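Top line first, the protein sequences correspond to chains F and E. Taking the numbering used here, the leading residue of the first sequence gets 1, the next gets one more, and so forth. Taking the numbering used here, the leading residue of the second sequence gets 229, the next gets one more, and so forth. First up is the structure itself, then whatever we jot down about it.
Number of protein chains: 2
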Amino acid sequence: MTRPPDEATIEQIAEKARSRYQTAEEMVTSAIREAVLAGVYQPGERLPQEQLGAALGVSRIPVRAALRQLEAEGLVVLEPHRGATVRVLEAADIDEIYQLRILLETFMIRSVISLVTAEEIDELESIAADLDHLDEGPGWLALRERFYERLYAFAKRPLTAELIGKLRADVGRYWLGLRLVDHEAGGHGVIVEAIRKRDPEAAEAWLTEHLTEVSSELQRRVAERNPQ
Amino acid sequence: MTRPPDEATIEQIAEKARSRYQTAEEMVTSAIREAVLAGVYQPGERLPQEQLGAALGVSRIPVRAALRQLEAEGLVVLEPHRGATVRVLEAADIDEIYQLRILLETFMIRSVISLVTAEEIDELESIAADLDHLDEGPGWLALRERFYERLYAFAKRPLTAELIGKLRADVGRYWLGLRLVDHEAGGHGVIVEAIRKRDPEAAEAWLTEHLTEVSSELQRRVAERNPQ
DNA sequence: TGGATTCAGATTGTATCCAATATACAAGAG
DNA sequence: CTCTTGTATATTGGATACAATCTGAATCCA
């Protein structure tokens, strides 16, 4: 069985073809999610089904399914006969979400520290290093996303990891234009170091401080945008 | 696969729900949810859209919307072009969910203790007393639901309370036929007492012990039903 | 004036129909 | 006999069409 050495395999071709989504629902869900996270639609803004469908080249049926899913993720709010709007987070919501994240993520980091292998720590360190000498931008944010995704995967708690991801997405769209505190602060090397030393207190402290700082900043910005 | 000893059909559940909801989507969502929680559909069982729609007197469109929502709640699993099945929880899933509940509920009880008023404690005590001299059954379960709903409402953390509710629903359908441990143990008066004394350690300890016990029991039952 | 009301337009909710995909089973090749 | 391949059937995905509901502005009446 001879095989062309450096040509693409059928699996690779198939994967590329499959990366364009299987169903319209998936494509539409992903598109609307990205649009909301990118700030194309602002908090409180309406999301008319007809318009979204026209923009994406589908009917309202897959749009409705997508909106239901995004409602579950906490990004939009659906009201009967009144349609969907981008969910508005008040300062109290942001406060609560970040308190939840602190609780969950400090819990998770303990699992990570007790389960992660040396090779996996190397992988984290490599990503952290890239983060440190890359400039801010979409690529940086994607890499940061990957860092935490890998980090929490090592905890072997898939449901908890998924939950944390949802909470992060909920507040993600309020990050727009926020100066990335941890980037300036020298960043993710700190927590990788704590993990390598198997020091849960240090890791928890870093996470708590970091999340608290971001939470305060976001709450301040929301409060000054909606002055009572 | 024996069906659980309850006489409920999806039609009967639908009849009860029909008047309460504005749209068919809401009614169908509620009906399927209750049917799954009541064990009418067992874990792993398929949920054909056509059959559900026929049973509930609607087309497949609202059924599909309902299934999407229930997927978000964690009760069913949707796969493209393959339809919906009742989500199957392995022992590891139950373990993780209960660990999450312990983390979240012990966190919540501290908020409750620092915010709850004397009158609110009286209300809880009244419900707990009713729970103690009522017999097990649907009414008892509903009252128990109400106890925790009220309890966690006092924490002023609506998102966290909602999350706990979802996690409880996720595992709720595995309770079928489980002897109610806390009921035998004399029950909810203990935690009310701890709240009245503003003793978070005692409240946390009771919650942790109770949840751990139920978790072990459920995991044991799941494991012996699906022997490796 | 001001409040309720009515009536159009816009938007969402649902049913029906058709297309796309998966599943099960039969038939054929090796 | 086993594995593949073709085909029929069932089920899901999606588009169109129509019904129900909301919104807002003009109108009516006190």
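Ideal Cβ positions, reconstructed from N, Cα and C, are used throughout, including at glycine. None of the values given here were measured: they were computed from a predicted structure.
{"query": "Within-7 angstroms CB hit, Q42 (chain F) to chain E", "result": "no"}
{"query": "Within 7 angstroms, strictly: CB atoms of I97 (chain F) and V171 (chain F)", "result": "yes"}
{"query": "Contact set between the stretch 324-346 of chain E and chain F, restricted to residues whose Cβ is under 9 angstroms from the partner", "result": "E324, I325, Q327, L328, L331, L332 and F335"}
{"query": "Bridge partner(s) assigned by DSSP for T313 (chain E)", "result": "E:R274 and E:V305"}
{"query": "First and last residue of the uninterrupted alpha helix (DSSP H) at D350 (chain E)", "result": "A346 to H361"}
{"query": "CB contact below 7 angstroms: A300 (chain E) versus chain F", "result": "yes"}
{"query": "Burial state of A142 (chain F), where buried means 16 or more other Cβ atoms lie within 10 Å", "result": "exposed"}
{"query": "Segment limits, alpha helix (DSSP H) that includes Q219 (chain F)", "result": "P200 to R225"}
{"query": "Straight-line gap, W175 (chain F) to S59 (chain F) (C-alpha atoms, nearest Å)", "result": "32 angstroms"}
{"query": "Environment of R157 (chain F) [buried if 16+ CB atoms lie within 10 Å]", "result": "buried"}
{"query": "Under the three-state DSSP convention, the category A155 (chain F) falls into", "result": "coil"}
{"query": "The ligand SAM heavy atom lying under 6 angstroms from the CB of R315 (chain E)", "result": "Within the structure as shown, the ligand SAM is missing, as the structure has no ligands at all."}
{"query": "contact_flag[the stretch 316-335 of chain E, the stretch 45-57 of chain F] where n(CB pairs < 8 angstroms) is 3 or more", "result": "no"}
{"query": "Reference E71 (chain F); option with closest CA among F:R150, F:T29 and F:I94", "result": "F:T29"}
{"query": "Same chain only: Cβ atoms within 8 angstroms of R146 (chain F), ignoring 5 sequence neighbours per side", "result": "I127"}
{"query": "Cβ-Cβ distance between A389 (chain E) and V340 (chain E) below 7 angstroms", "result": "no"}
{"query": "Proximal residues to P200 (chain F) (C-beta, below 6 angstroms), its chain only, five neighbours per side dropped", "result": "R110 and I113"}
{"query": "Alpha carbon of T251 (chain E) to alpha carbon of A263 (chain E), nearest angstrom", "result": "19 angstroms"}
{"query": "Straight-line gap, R225 (chain F) to A118 (chain F) (C-alpha atoms, nearest Å)", "result": "46 angstroms"}
{"query": "Nonlocal neighbours in the same chain, by C-beta distance under 7 angstroms from L151 (chain F), ignoring five residues either side", "result": "V112 and L124"}
{"query": "Cutoff 7 angstroms: Q51 (chain F) Cβ touching any chain E Cβ", "result": "no"}
{"query": "A54 (chain F) - DSSP class collapsed to helix/strand/coil", "result": "helix"}
{"query": "Straight-line Cα distance separating V86 (chain F) from R64 (chain F)", "result": "14 angstroms"}
{"query": "Contact with chain E by T23 (chain F), beta-carbon distance below 7 angstroms", "result": "yes"}
{"query": "Within-7 angstroms CB hit, L387 (chain E) to chain F", "result": "yes"}
{"query": "CA-to-CA distance, R296 (chain E) to R68 (chain F), given in whole angstroms", "result": "7 angstroms"}
{"query": "Start and end residues, alpha helix (DSSP H) containing G189 (chain F)", "result": "G189 to R196"}
{"query": "Cα-Cα separation, L446 (chain E) to E136 (chain F)", "result": "48 angstroms"}
{"query": "Cβ-based burial, A203 (chain F) [other Cβ within 10 Å; buried from 16]", "result": "buried"}
{"query": "Helix, strand or coil at A65 (chain F) according to DSSP, with G and I counted as helix", "result": "helix"}
{"query": "Within chain E, partners of Q219 (chain F) - CB distance below 9 angstroms", "result": "Ordered by position in chain E, no residue passes the 9 angstroms Cβ test against Q219 (chain F), which lies about 15 angstroms from the chain."}
{"query": "Residue from E:A433, E:Y376, E:S444 and E:L303 whose Cα sits closest to the Cα of L317 (chain E)", "result": "E:L303"}
{"query": "Nearest neighbour of G83 (chain F), chosen from F:V116, F:Q49 and F:G53 [CA to CA]", "result": "F:Q49"}
{"query": "Alpha-carbon spacing of L284 (chain E) relative to Y249 (chain E), whole angstroms", "result": "13 angstroms"}
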